[in-house]
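Okay, so the sequence shown: first residue is 3 according to the working numbering, each after it adds one. Before any comments, here is the structure.
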Amino acid sequence: MGFYIFETEISNSNYKYFLNDIKSKGRSEVYTIAMVDSSAWEIAFQDFAPYTNFYFQQESYDQYPVVNISYDGAILYCKWLTEVYKSEGYDITVSLPDSIQWKTAAKGGNEENIYSWEGSANVNKKGFYKCNAKKEEECSYVTAPIYSFEKNNFGLYNTCGNVAEMLKEKGLHKGGSWNSPLNYVEIDSKDEYAGISEPSPYIGFRPVAIINH
3 MGFYIFETEI SNSNYKYFLN DIKSKGRSEV YTIAMVDSSA WEIAFQDFAP YTNFYFQQES
63 YDQYPVVNIS YDGAILYCKW LTEVYKSEGY DITVSLPDSI QWKTAAKGGN EENIYSWEGS
123 ANVNKKGFYK CNAKKEEECS YVTAPIYSFE KNNFGLYNTC GNVAEMLKEK GLHKGGSWNS
183 PLNYVEIDSK DEYAGISEPS PYIGFRPVAI INH
């Protein structure tokens, strides 16, 4: 079955809109499960107050990928967005991708791709890095904005690096994160975060959408 995948990882702005909407409608149980756990930044940094206090809260980070949300929170976001489409007259189902969908999208039409870009080099002709991964001076210290780096041949940003992306199967992810060595951001690499379904500063998500016929 064909599918569409989101151009970017879900941003803080996207997720804020979701939380504000369910809160305004009195869906307190959903809100409690879905809310961001900013204290999870301590997994990466001890007493790193700037990210704990500002990353999700400040508008300057709105176009950065949402992190520190649970698998259950991501599932609820997808269900909510499905409801939004339905209310607008569209019969579309939004979900997390399975591994085949994610890999198909990340490879950008070239089954030989190691990363989301062509070739095995991790820098372009100008010497700039092609993804946000560990120990790369030109990359962000932590997450990068969702439209950073080069898009792949399908027009997708950051399928490799930036934040590891949740799969439909709970506790599985693809793409590696800003804290991953390059060998963990390869499309077919081992899942560095396997088994984690709790909020993490290394993990976000990118949904797929299927038009129902």
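Where is the CB? At the ideal position from N, CA and C, for every residue including glycine.
Going along the chain, which unbroken runs of the alpha helix (DSSP H) with 4 or more residues stay wholly within the region 30–101? If you keep only unbroken alpha helix (DSSP H) runs of at least 4 residues inside the region 30–101, you get 30–36, 51–56, 73–89.
Can you give me the start and stop residues for the beta strand (DSSP E) that I213 sits inside? What you label residue 213 is simply residue 211 of the sequence shown in a count that begins at 1. In the DSSP annotation of this structure, the continuous segment of the beta strand (DSSP E) that includes I213 starts and ends at 210–213.
Rounded Cβ spacing between K132 and E152 (contact assumed at less than 8 Å): On the sequence shown, position 130 is the one that residue 132 refers to. On the sequence shown, position 150 is the one that residue 152 refers to. About 6 Å; that satisfies the 8 Å criterion.
Go through its chain and collect everything with a Cβ distance to D93's Cβ below 6 Å, but skip five positions before and after it. Taking the sequence shown and counting its residues from 1, the one referred to as residue 93 is at position 91. N214, listed in sequence order.
On the DSSP letters alone, give me the boundaries of the alpha helix (DSSP H) that I24 sits inside. Position 22 of the sequence shown, counted from the first residue, corresponds to residue 24. First-last of the alpha helix (DSSP H) with I24: 14–26.
For L98 and A76, which I take to be in contact (beta-carbon distance under 8 Å), what is that distance rounded to the nearest angstrom? Residue mapping note: residue 98 aligns to position 96 of the sequence shown, counting from 1. Residue mapping note: residue 76 aligns to position 74 of the sequence shown, counting from 1. So it is a contact: roughly 6 Å between Cβ atoms.
Please state whether the Cβ-Cβ distance between I35 and D74 is less than 9 Å. Stepping through the sequence shown from its first residue, residue 35 is reached at position 33. Stepping through the sequence shown from its first residue, residue 74 is reached at position 72. Yes, these two residues count as a Cβ contact at 9 Å.
If the criterion is Cβ atoms closer than 9 Å, does the pair F5 and Q103 meet it? Looking up residue 5 in the sequence shown gives position 3. Looking up residue 103 in the sequence shown gives position 101. For F5 and Q103, yes; Cβs fall inside 9 Å.
Could you tell me whether the Cβ atoms of V68 and N14 are closer together than 9 Å? The count along the sequence shown starts at 1 and reaches residue 68 at position 66. The count along the sequence shown starts at 1 and reaches residue 14 at position 12. Contact: yes.
Okay, do the region 45–58 and the region 192–200 touch, 3+ Cβ pairs below 8 Å being the bar? No, they do not touch.
Hey, F56 and A107 are a contact pair by Cβ (cut 8 Å); roughly how many whole angstroms apart? Stepping through the sequence shown from its first residue, residue 56 is reached at position 54. Stepping through the sequence shown from its first residue, residue 107 is reached at position 105. Rounded, the Cβ-Cβ distance is 31 Å, inconsistent with contact.
Unbroken alpha helix (DSSP H) runs of length 4 or more, entirely within the region 99–157: which are they? Secondary structure remark: continuous alpha helix (DSSP H) runs of at least 4 residues inside the region 99–157, in chain order: 101–109.
Hey, how far is the Cα of I116 from the Cα of S182? Locating residue 116 in the sequence shown gives position 114, counting from the first residue. Locating residue 182 in the sequence shown gives position 180, counting from the first residue. Taking the Cα positions, I116 is about 15 Å away from S182.
Just to confirm, is the Cβ distance from K105 to D190 under 9 Å? To locate residue 105, count along the sequence shown from 1; it is residue 103. To locate residue 190, count along the sequence shown from 1; it is residue 188. Against a cut-off of 9 Å, the Cβ pair of D190 and K105 comes out as a contact.
Grouping DSSP H, G and I as helix and E and B as strand, with all else coil, what is Y6? The residue given as residue 6 occupies position 4 in the sequence shown. Residue state, collapsed to three classes: strand.
Nearest to R208 (by Cα), restricted to the options T84, V165, F58: In the sequence shown, residue 208 corresponds to position 206, counting from 1. It is V165 whose Cα lies nearest to the Cα of R208.
Neighbour-count burial assignment, V96, 16 or more Cβ in a 10 Å radius: Stepping through the sequence shown from its first residue, residue 96 is reached at position 94. Classified as buried, V96 has 16 or more neighbouring CB atoms from the shown chains inside 10 Å of its CB.
Between E140 and the rest of its own chain, which residues show a CB-CB distance below 7 Å, the 5 nearest in sequence each way excluded? Counting from 1 along the sequence shown, the entry for residue 140 is found at position 138. Bear in mind that the predicted position of E140 carries a pLDDT of just 49, short of 50, making it unreliable; the figure below should be weighed with that in mind. Correct list, in chain order: F130, Y131.
What are the boundary residues of the beta strand (DSSP E) that E194 is part of? Translated into positions along the sequence shown, residue 194 becomes position 192. Premise fails: E194 is in no beta strand (DSSP E) and is neither H nor E.
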